[in-house]
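Residue 286 in the working numbering is what sits at position 286 of the sequence shown, and the numbering runs on without skipping anything.
The C-beta atom is built at its ideal place from N, Cα and C for all residues, glycine as well.
Note sheet for the following structure.
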Amino acid sequence: MTRKLSLLALLPLLALLNGCKMVVLFPSGDIARQQSHLLLVATCLMLIVIVPVIVMTIVFAWRYRASNQDAVYEPDWNHSTKLEFVIWGGPLLIIIALGLVTWITTHTLDPYRPLDRISANQPIPADVKPITVEVVALDWKWLFIYPEYGFATVNELAAPVNVPIRFKITASNVMNSFFIPSLAGQIYAMPGMETKLHAVMNEPGEYEGFSSNYSGAGYSHMRFKFLGLSQPDFDKWVQAGKASKNALSRESYLELVKPSIKDPVSFYGSVSPELYDAVINRCVDSKDMCQNQMMAIDAKGGLGLGGIDALASKPSPYASMFDGSSLKKQVVVSQLCTAQENTFRE
């Protein structure tokens, strides 16, 4: 009796679950909704096997318990074609169904694939143009560049509702993961390369975005706000951002990229047009050789052993965080020539 009362006393604790947000199952963006539907369909298909197995385990344990003298005991029984057909046929059909559903949605929900609809019953209007956002994962904050509007933000992202968004994603140093659960699935942000995500937000509101990939000491605070706004409100937000007197040049980026935690939301009213490409090619510092320049040299045959003479060292952005001397300097390839100037082997 005491045990039952103790269990009943725990029931009010379930009320605390009201504070949990089932964002993944009930998102606000069309891509995330399709992903949620896929998750529910796949789960239900798997439960067709799991639930009967659990039920039969309990029923068999009860029916064939030692004290039940009415249970039929057949020690010589060893085969049933009908039972074998059910045991193997059912799961096989479920696997086929899962494979078909997964194959279709893998292509329709490809993050690199441009959107062909706003929602289930709303195609993209002919006069609606996607907006482009260039995302850079920094230590430990997020930089969002709006190339079409010529400004940038830190730790705040906004987009008009029912307008497709084209994200171009990269990272400064460490691999991260760009994730807004209400909008779409997570996409890795990796230094030296670009990943993409196409998505759309269907409901206005303030949503949470964060890094879902561990990236160091400030990882847990690497969060940002995503604002789904009406078109007039988005225009006001853009004007407020462009009104900032801060300018995001190569020099100011090199200051911004230094490791920091819990950075406040900030705006840059202007952005150097070539900055994002320089971030991808890891040559924001003009003393560094860009990756596309290195590849151009390699395409011409490379530098051979003489290439080691092009190595140089510079202070690491993490120098103040470690005592080990090996971590205080960063080895880079110094500037040799531009892709247009090189005259190596034809």
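- DSSP places Ala296 in no beta strand (DSSP E) but in the uninterrupted alpha helix (DSSP H) bounded by 291 to 299.
- When the five nearest sequence neighbours on each side are left out, the beta carbons in the same chain lying within less than 6 Å of the beta carbon of Leu25 are those of Ser36, in order along the chain.
- Per DSSP, reduced to three states, the secondary structure at Ala189 is strand.
- Listed in chain order, the non-local C-beta contacts of Tyr112 below 6 Å within the same chain comprise Lys196, local neighbours out to five positions each way being set aside.
- DSSP, read as helix, strand or coil, puts Phe234 in helix.
- Our two residues, Ser260 and Lys141, have alpha carbons roughly 8 Å apart in a direct line.
- Pairing Val200 with Leu38, the inter-Cα distance amounts to about 18 Å.
- Around the C-beta of Asp288, 16 or more other C-beta atoms lie within 10 Å, and the residue is accordingly described as buried.
- Counting along the chain, no alpha helix (DSSP H) covers Ala120, and no H or E run does either.
- Nearest C-alpha to Gln122 among Pro91, Tyr146, Leu83, Pro164: Pro164.
- Under DSSP, the beta-bridge partners assigned to Pro160 are Leu229.
- When C-beta atoms of the region 249 to 265 are compared with those of the region 103 to 111, fewer than three pairs fall below 8 Å, so the two segments do not count as touching.
- Of the candidates Asn78, Gln186, Pro191, Pro204, Gln186 places its Cα closest to the Cα of Phe210.
- In the three-state reduction of the DSSP assignment, Val265 falls in the coil class, being assigned neither a helical nor a strand state.
- Judged by DSSP in its simplified three-state form, Arg113 adopts coil rather than helix or strand.
- Contact check for Val135 against Phe178 passes: the beta carbons are separated by less than 8 Å.
- Boundaries of the beta strand (DSSP E) harbouring Arg166: 165 to 171, taken from the DSSP string.
- The region 152 to 166 and the region 261 to 278 touch, with no fewer than 3 CB-CB distances between them shorter than 8 Å.
- Around the CB of Ser182, 16 or more other CB atoms lie within 10 Å, so the residue is classed as buried.
- Across the structure, Thr106 and Leu98 are spaced so that their CA atoms are roughly 12 Å apart.
- For Lys141, the pairing in a beta bridge is given by DSSP as Leu138.
- DSSP places Val154 in the uninterrupted beta strand (DSSP E) bounded by 151 to 154.
- In the DSSP assignment, Leu83 falls within the unbroken alpha helix (DSSP H) covering 81 to 108.
- Val41 carries a helical assignment under DSSP once its states are collapsed to helix, strand and coil.
- Residue pairing of Ala184 in beta bridges, as defined by DSSP: absent, with no partner found.
- A check of alpha carbon separations from Gly205 across Ala243, Ser244, Val161 identifies Val161 as the nearest.
- Rounded to the nearest angstrom, the gap between the Cα atoms of Ala171 and Val284 is 13 Å.
- Restricting attention to Lys242, Lys236, Tyr207, Asp298, the CA atom closest to the CA of Lys225 is found in Tyr207.
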